[in-house]
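Structure, as structure tokens:
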Amino acid sequence: MAPSVVLALLYLPSFWIAIFIALVACAAAWEWASLVDDKLITKFIYVLICVLLILAAGNLLPEEHVRFLMLMGSAFWVLVLLMLAFYQPNWLGNYMLQSFLNYSGYFVIVIAWLAMVKLNQQKPALLLFLFLIAWMADTAAYFVGKRFGKSKLAEQLSPGKTREGLLGAVIGTICLALVGAWWFELTFMQALYFVFLSVLTALISVVGDLFESLLKRNAGAKDSGSLIPGHGGVLDRVDSIIAAAPGFALGMYWLN
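Per the numbering used here, residue 617 is the first one in the sequence shown, and the count goes up by one each step.
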């Protein structure tokens, strides 16, 4: 699927990219709703609300409000990081956690859609690079963790993740960001900023992955869905990108 995604991101017009990402967002919303309340009517309503919010965000928000929402989205994932740092297994099934997981889905999915659309409008290659950061972080963490992993990163949420794997993700992202700085023809100071932003983006992408693990654990599910054979659901594939998108979009606003 990766070559098709790369070609679409680079060559499809912005309008069709926005539609494509909205369809993926709807699939993610359906799976999110399945994890918080499996009633059919609830899932339809969840998707409908996300569609209405996407239409409103795409057509009614002035640019300065878009940047504010990117800031709010970034702050949300910092809050999630703090929450995960103090996570305890007895939180599962708690009413407050259930409510937070339920209602945060609207905000997370819509903000991510908006961030990706804005990145594509700035420059299609920027949206592609966001995907590359998430893919690099995930792939490097997997292989380094499998080879050298000893210290668990968040054993109660995702037993397979290790601190060594996280370090591998950071190193891999730095290498990718240096290539990106050359690709985008950045100055030396811009390149330093871009590398820093890319590493932060990669780290937040890991937070997104862990947050979805919490969502699935609370629901007692192994995967978010079964739409992609052998890979689980759509949400399983895009959780890291959903988390990483607002911060990367905000950072690129500041760079430009």
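Note that CB positions come from ideal geometry on N, CA and C, so glycine has one too.
Bear in mind that the values here come from a model prediction, so they are computed numbers and not experimental data.
Close Cβ partners of residue i (< 6 Å) along its chain, the five nearest in sequence each way excluded
{"i": "tryptophan 707", "result": "Leu713"}
{"i": "isoleucine 857", "result": "Ala750"}
{"i": "alanine 634", "result": "Val733"}
{"i": "phenylalanine 873", "result": "Outside the shown range of the chain (617 to 872) lies residue 873, about which nothing can therefore be said."}
{"i": "glycine 784", "result": "Ala756, Ala757 and Val760"}
{"i": "leucine 876", "result": "It is not possible to answer for residue 876, since the shown part of the chain is limited to 617 through 872."}
{"i": "valine 667", "result": "none"}
{"i": "leucine 628", "result": "none"}
{"i": "serine 829", "result": "Leu773 and Ser774"}
Exposure of residue i, with buried meaning 16 or more beta-carbon neighbours within 10 Å
{"i": "tryptophan 693", "result": "buried"}
{"i": "phenylalanine 804", "result": "exposed"}
{"i": "proline 862", "result": "buried"}
{"i": "methionine 868", "result": "buried"}
{"i": "tryptophan 798", "result": "exposed"}
{"i": "glycine 588", "result": "Residue 588 is absent from the structure shown; the chain starts at 617 and stops at 872."}
{"i": "tryptophan 870", "result": "exposed"}
{"i": "tyrosine 662", "result": "buried"}
{"i": "tryptophan 632", "result": "exposed"}
{"i": "alanine 770", "result": "buried"}
{"i": "aspartate 654", "result": "exposed"}
{"i": "lysine 777", "result": "buried"}
{"i": "glutamine 811", "result": "Reading off the sequence, residue 811 comes out as valine, not glutamine. Buried, by the Cβ-count rule."}
{"i": "methionine 686", "result": "buried"}
{"i": "valine 795", "result": "exposed"}
{"i": "leucine 623", "result": "exposed"}
{"i": "leucine 669", "result": "buried"}
{"i": "glutamate 679", "result": "exposed"}
{"i": "leucine 676", "result": "exposed"}
{"i": "leucine 671", "result": "exposed"}
Cross-strand partners of residue i (DSSP beta bridge)
{"i": "lysine 777", "result": "None, per the DSSP bridge assignment."}
{"i": "alanine 609", "result": "Any question about residue 609 goes unanswered here, given that the chain covers just 617 to 872."}
Rounded C-alpha distance that separates residue i from residue j
{"i": "serine 821", "j": "alanine 860", "result": "5 Å"}
{"i": "leucine 748", "j": "glycine 824", "result": "16 Å"}
{"i": "leucine 587", "j": "isoleucine 657", "result": "Because the chain here runs from 617 to 872, residue 587 falls outside it and cannot be looked at."}
{"i": "asparagine 718", "j": "glycine 788", "result": "34 Å"}
{"i": "valine 621", "j": "arginine 853", "result": "13 Å"}
{"i": "arginine 683", "j": "alanine 691", "result": "12 Å"}
{"i": "tyrosine 809", "j": "methionine 752", "result": "19 Å"}
{"i": "tyrosine 874", "j": "leucine 697", "result": "As displayed, the chain neither begins before 617 nor continues past 872, which places residue 874 out of reach and without an answer."}
{"i": "leucine 664", "j": "glutamate 780", "result": "41 Å"}
{"i": "phenylalanine 800", "j": "glycine 765", "result": "34 Å"}
{"i": "alanine 807", "j": "leucine 792", "result": "12 Å"}
{"i": "tyrosine 711", "j": "leucine 695", "result": "19 Å"}
{"i": "isoleucine 637", "j": "leucine 851", "result": "13 Å"}
{"i": "phenylalanine 716", "j": "leucine 773", "result": "17 Å"}
{"i": "proline 619", "j": "valine 652", "result": "33 Å"}
{"i": "glycine 709", "j": "methionine 688", "result": "27 Å"}
{"i": "proline 740", "j": "leucine 866", "result": "16 Å"}
{"i": "serine 616", "j": "proline 705", "result": "Since the first residue of the chain shown is 617 and the last is 872, residue 616 is not available in this structure."}
{"i": "histidine 681", "j": "phenylalanine 723", "result": "15 Å"}
{"i": "valine 885", "j": "leucine 819", "result": "Outside the displayed range of the chain (617 to 872) lies residue 885, so it cannot be described from this structure."}
Close Cβ partners of residue i (< 7 Å) along its chain, the five nearest in sequence each way excluded
{"i": "serine 630", "result": "Asn736 and Gln737"}
{"i": "lysine 659", "result": "Trp646, Ala649 and Ser650"}
{"i": "alanine 673", "result": "Val726 and Leu730"}
{"i": "aspartate 601", "result": "Here the chain comprises residues numbered 617 to 872, so residue 601 is not present and cannot be evaluated."}
{"i": "leucine 782", "result": "Ala757, Leu769 and Val822"}
{"i": "leucine 802", "result": "Phe810"}
{"i": "leucine 742", "result": "Leu735 and Met868"}
{"i": "serine 720", "result": "none"}
8 Å Cβ shell around residue i - same chain, five flanking residues per side excluded
{"i": "proline 775", "result": "Lys768"}
{"i": "leucine 744", "result": "Val622, Leu625 and Leu626"}
{"i": "isoleucine 790", "result": "Val811, Ser814 and Val815"}
{"i": "arginine 833", "result": "Leu708 and Leu773"}
Is the region 721-730 close to the region 635-651, with three or more CB pairs under 8 Å?
-> yes
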